[in-house]
Amino acid sequence: MQKEEQKENENIVASGSSIYLLSIIGEVEGHEALSERSKATRYEHILPNLARAEDDEGIRGILILLNTVGGDVEAGLAIAEMIASMSKPTVSLVLGGGHSIGVPLAVSADYSFIVPSATMVIHPVRQNGLFIGVAQSYRNMEKTQDRITEFVSRHSHISVERMEELMLDTRMLVKDVGTMLEGPEAVQEGLIDEVGGISKALEKLHELMKDAAGQRR
Numbered sequence: 001m002q003k004e005e006q007k008e009n010e011n012i013v014a015s016g017s018s019i020y021l022l023s024i025i026g027e028v029e030g031h032e033a034l035s036e037r038s039k040a041t042r043y044e045h046i047l048p049n050l051a052r053a054e055d056d057e058g059i060r061g062i063l064i065l066l067n068t069v070g071g072d073v074e075a076g077l078a079i080a081e082m083i084a085s086m087s088k089p090t091v092s093l094v095l096g097g098g099h100s101i102g103v104p105l106a107v108s109a110d111y112s113f114i115v116p117s118a119t120m121v122i123h124p125v126r127q128n129g130l131f132i133g134v135a136q137s138y139r140n141m142e143k144t145q146d147r148i149t150e151f152v153s154r155h156s157h158i159s160v161e162r163m164e165e166l167m168l169d170t171r172m173l174v175k176d177v178g179t180m181l182e183g184p185e186a187v188q189e190g191l192i193d194e195v196g197g198i199s200k201a202l203e204k205l206h207e208l209m210k211d212a213a214g215q216r217r
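In case it helps, the UniProt record's numbering puts the sequence shown at residues 1 to 217.
Listed below in structure tokens is the structure:
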């Protein structure tokens, strides 16, 4: 019981200054459990914690730290939509990587940062397990991909058309289709708002929290 409770709270921590720290690390786990040896972010732990943070008057802002290889699309989009719909100010910081479904997670915050050495990988939706080779299967994958590109476009400064170009680029990834962007490139493409580290991210979050407090008066 104690071990399960520890797992449930391992991704979200109160900093003691009205800020909640949410870490999205490793692989975003979906409906199937990953190996105990895998670093994973479990959406069934993150969602209720974010709901509690939204309802807690003592919490004034949320800082999201990302270093993820991606993972389950449905679970990742669920977390991203939850973050995007919060009334509390949110700031994200990409450290190491924000790959695949990590891209919508990074842009779901009100403002986003990326460190210079971090990377973001944009590629088409993949299918694991049994795949039925009919037109309907392909259309369903297209719809899922459209949900991702439209979400990213709504919450960043990149167009759907440019996202699709980056997804389908064949010149960069040796064993895959897609694009890897380094920190400054992610900003140039309009995915991320600014290059910066933890000090800038916290400074921006405190600024947004101050603005939100002023609007409530």
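In this text, a Cβ means the ideal position worked out from N, Cα and C, and glycines have one as well.
Distance, residue j Cα to residue i Cα
| i | j | result |
| --- | --- | --- |
| residue 194 | residue 91 | 11 angstroms |
| residue 63 | residue 200 | 12 angstroms |
| residue 70 | residue 41 | 10 angstroms |
| residue 49 | residue 82 | 11 angstroms |
| residue 184 | residue 209 | 26 angstroms |
| residue 113 | residue 60 | 19 angstroms |
| residue 196 | residue 115 | 5 angstroms |
| residue 104 | residue 95 | 15 angstroms |
| residue 102 | residue 203 | 23 angstroms |
| residue 155 | residue 51 | 20 angstroms |
| residue 205 | residue 80 | 18 angstroms |
| residue 54 | residue 77 | 18 angstroms |
| residue 18 | residue 171 | 45 angstroms |
| residue 180 | residue 169 | 10 angstroms |
| residue 97 | residue 145 | 20 angstroms |
| residue 56 | residue 151 | 27 angstroms |
| residue 120 | residue 106 | 10 angstroms |
| residue 47 | residue 99 | 20 angstroms |
| residue 182 | residue 122 | 11 angstroms |
| residue 45 | residue 161 | 34 angstroms |
| residue 178 | residue 25 | 22 angstroms |
| residue 39 | residue 173 | 24 angstroms |
Proximity to residue i [Cα-Cα], best of the options
| i | options | result |
| --- | --- | --- |
| residue 84 | 143, 167, 111, 215 | 111 |
| residue 187 | 176, 93, 214 | 93 |
| residue 27 | 68, 190, 78, 180 | 68 |
| residue 58 | 45, 160, 76, 20 | 20 |
| residue 164 | 148, 155, 156 | 148 |
| residue 22 | 99, 109, 77 | 109 |
| residue 176 | 44, 124, 74 | 124 |
| residue 192 | 167, 170, 168, 157 | 157 |
| residue 74 | 98, 43, 56 | 43 |
| residue 212 | 144, 169, 47, 86 | 86 |
| residue 190 | 159, 207, 178 | 159 |
For residue i: DSSP bridge partner residues
| i | result |
| --- | --- |
| residue 73 | Looking at the DSSP assignment, residue 73 forms no beta bridge with any residue, so it has no partner. |
| residue 26 | 68 |
| residue 42 | 29 |
| residue 120 | 181 |
Buried or exposed by the 16-neighbour rule on C-beta atoms within 10 Å, applied to residue i
| i | result |
| --- | --- |
| residue 198 | exposed |
| residue 117 | exposed |
| residue 29 | buried |
| residue 153 | buried |
| residue 88 | buried |
| residue 215 | exposed |
| residue 65 | buried |
| residue 1 | In this prediction, residue 1 scores a pLDDT of 48, lower than 50, which makes its location untrustworthy; the coordinate-derived value is nonetheless stated afterwards. That one is exposed. |
| residue 166 | buried |
| residue 72 | buried |
| residue 6 | At residue 6 the pLDDT is 49, less than 50, meaning the model places this residue with poor confidence; the figure from the coordinates comes in the next sentence. By the neighbour-count rule (16 or more Cβ atoms within 10 Å), residue 6 is not buried but exposed. |
For this session: Mind listing, in chain order, the continuous alpha helix (DSSP H) runs of no fewer than 4 residues lying wholly within the stretch 54-99?
Result: With a minimum length of 4 residues, the continuous alpha helix (DSSP H) runs that stay inside the stretch 54-99 are 73-84.
Problem set entry | Every unbroken alpha helix (DSSP H) inside the stretch 139-206 [4 residues or more] | The stretch 139-206 contains these whole alpha helix (DSSP H) runs: 160-167, 183-188.
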